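Undergrad: Attaching a single structure in structure tokens format; questions to follow.
Protein chains: 2
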Amino acid sequence: MSISADTLRGHTDTIILAQLMKKDSYGYEINKNVQRCTGGRYEFKEATLYTAFKRLEQGGMITSYWGEDGPGARRRYYAITEEGRQQWQESSEEWKETRIILDALLTLEVEYESN
Amino acid sequence: MSISADTLRGHTDTIILAQLMKKDSYGYEINKNVQRCTGGRYEFKEATLYTAFKRLEQGGMITSYWGEDGPGARRRYYAITEEGRQQWQESSEEWKETRIILDALLTLEVEYESN
DNA sequence: AAGAAATACATTGACAGATGAAGTATATCG
DNA sequence: CGATATACTTCATCTGTCAATGTATTTCTT
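Structure representation (structure tokens):
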């Protein structure tokens with residue numbers, strides 16, 4: 000089974016931020032990581048990925064720099080900012096909440112209990 | 000904390016189908032149910048809700064009929080079709096998969112293990 | 001009885017995120 | 001030498017969300 004994009008829509012930015020929490024990285028590598036982490040069930044379309052980088056950079060969540068000129072194609076590396084770390088923190092908290100709510104709404108087996 | 004719409008985008012149709020799995024219902028009631036189930040953390044905007052009904056009906060997932068003329072404003076009831084039930088089944092399976100994958104991607108604490 | 005609030009549905013235009021498609025460039029492998 | 005992998009970029013288009021606006025009825029409040 001592969002995961003439809005609309006289901007993950009809205010999580011794109013947080014997924015990228017999560018990757019950058021570990022270390023600076025670049026588009027291609029991040030996408031390979033996502034593929035690996037999901038057992039090949041999901042990958043970003045290139046346009047989605049680079050659109051997200053632009054959005055995140057404009058929002059001050061990440062900064063970018065060109066990698067050293069080694070062999071191979073040039074890479075643009077991204078680094079998460081302090082603001083980005085906070086954003087990731089908030090988004091992943093929200094995810095935990097969302098998960099519970101969606102369990103309730105999609106299956107209707109249980110009602111959501113507030114704390 | 001309330002849940003941002005973008006995070007739930009893509010789940011709208013499945014949430015509605017889940018409600019209709021129980022019994023026929025109408026827009027206003029479904030939305031009140033969603034509010035109740037989420038402890039007030041989420042509700043559909045009206046335009047979103049009625050857009051979704053139209054989409055689902057055009058896709059053959061639901062059918063609709065006007066409620067009996069009782070007291071109160073007229074209500075358009077919706078009923079889930081066999082196709083809709085199958086769709087709900089698939090979508091909620093997908094949700095279980097998605098949940099695991101997003102846990103991995105958003106927190107990066109674990110890698111997704113395929114079966 | 002008058003006015004506010006709740007119930008109930010519908011449409012339209014604008015906006016944001018995702019994406020197909022196309023393009024640029026280098027390195028590696030057979 | 002051609003195919004494939006690596007790596008980034010932009011643009012036009014599509015889809016779902018939603019603010020705004022409108023219609024209509026009933027119930028609650030004073």
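First to last, the protein sequences are chains A and B.
Letter 93 of the first sequence, counting from 1, is numbered 92 in numbering that gives the first Met the number 0, and no numbers are missing.
Letter 33 of the second sequence, counting from 1, is numbered 32 in numbering that gives the first Met the number 0, and no numbers are missing.
Heads up, the beta-carbon is just placed ideally off N, CA and C, and yes, glycines get one too.
The structure displayed is predicted, hence computed values, not measured ones.
When you compare the segment 81 to 100 of chain B with the segment 99 to 106 of chain A, are there three or more beta-carbon pairs, one atom per stretch, that lie closer than 8 Å?
TA: Enough Cβ pairs lie closer than 8 Å, so yes.
Undergrad: Just to confirm before moving on: does the CB-CB distance between A/E93 and B/I2 stay below 8 Å?
TA: Closer than 8 Å, so yes.
Undergrad: Does B/T97 get closer than 8 Å to chain A when you measure Cβ to Cβ?
TA: It does: the Cβ of B/T97 has a partner Cβ on chain A nearer than 8 Å.
Undergrad: At what residues does the beta strand (DSSP E) containing A/R75 begin and finish?
TA: Start and end: R75 to I79.
Undergrad: For B/T37, count neighbouring C-beta atoms within 10 Å of its own C-beta (all shown protein chains included) and say buried if the count is 16 or more, exposed if not.
TA: Label assigned to B/T37: buried.
Undergrad: In the DSSP assignment, find the unbroken alpha helix (DSSP H) run with A/T13 in it and report its ends.
TA: Unbroken alpha helix (DSSP H) run through A/T13: T11 to K21.
Undergrad: What do you reckon, are the CB atoms on B/Y116 and B/S90 nearer than 8 Å?
TA: One cannot answer for residue 116 of chain B here, as it falls past the ends of chain B, which runs 0 to 114.
Undergrad: Going by other Cβ atoms of all chains shown within 10 Å of its Cβ, with 16 needed for buried, is A/A72 buried or exposed?
TA: The residue is exposed, with fewer than 16 neighbouring Cβ atoms inside 10 Å.
Undergrad: For B/Y25, which residues does DSSP report across the bridge?
TA: Paired residue(s): B/Y76.
Undergrad: Helix or strand or just coil, what does DSSP make of A/S91?
TA: Three-state DSSP puts A/S91 in a helix.
Undergrad: Label A/Q85 either buried or exposed according to how many other C-beta atoms from any shown protein chain fall within 10 Å of its C-beta, with 16 as the threshold for buried.
TA: It counts as exposed.
Undergrad: Could you tell me if B/A46 is buried or exposed, where buried requires 16 or more neighbouring beta carbons within 10 angstroms of its beta carbon?
TA: By the 10 Å Cβ count, B/A46 comes out exposed.
Undergrad: Alpha helix (DSSP H) containing B/T37: first to last residue?
TA: Neither: B/T37 is in no alpha helix (DSSP H) and is coded neither H nor E.
Undergrad: Within its chain, find whatever has a CB closer than 7 Å to the CB of B/Y111; leave out the 5 residues flanking it on each side and keep chain order.
TA: Since pLDDT at B/Y111 reaches only 49, below the 50 mark, its modelled position is unreliable, and the value read off the structure follows with that caveat. Excluding positions up to five away in sequence, the list reads I99, I100 and A103.
Undergrad: Is there at least one Cβ from chain A nearer than 8 Å to B/I79's Cβ?
TA: Judged by the 8 Å Cβ criterion, B/I79 is not in contact with chain A.
Undergrad: So is A/E28 in contact with chain B if we call contact Cβ pairs under 8 Å?
TA: False, the Cβ-Cβ gap to chain B never drops below 8 Å.
Undergrad: With a threshold of 8 Å between beta-carbons, can B/I61 be considered close to chain A, or not?
TA: Output row for B/I61: interface = no.
Undergrad: Only counting the same chain, and skipping five residues up and downstream in sequence, which positions put a Cβ closer than 8 Å to that of B/Y49?
TA: The answer, listed in chain order, is G26.
Undergrad: Kindly say whether A/G9, judged by its beta-carbon, lies nearer than 8 Å to any beta-carbon of chain B.
TA: It does: the Cβ of A/G9 has a partner Cβ on chain B nearer than 8 Å.
Undergrad: Is B/I2 helix, strand or coil when you go by DSSP?
TA: Three-state DSSP puts B/I2 in coil, outside helix and strand.
Undergrad: Anything in the segment 38 to 53 of chain B with a Cβ closer than 9 Å to a Cβ of chain A? List those residues in chain order, please.
TA: Under the 9 Å Cβ criterion, the segment 38 to 53 of chain B contributes G38, G39, R40 and Y41.
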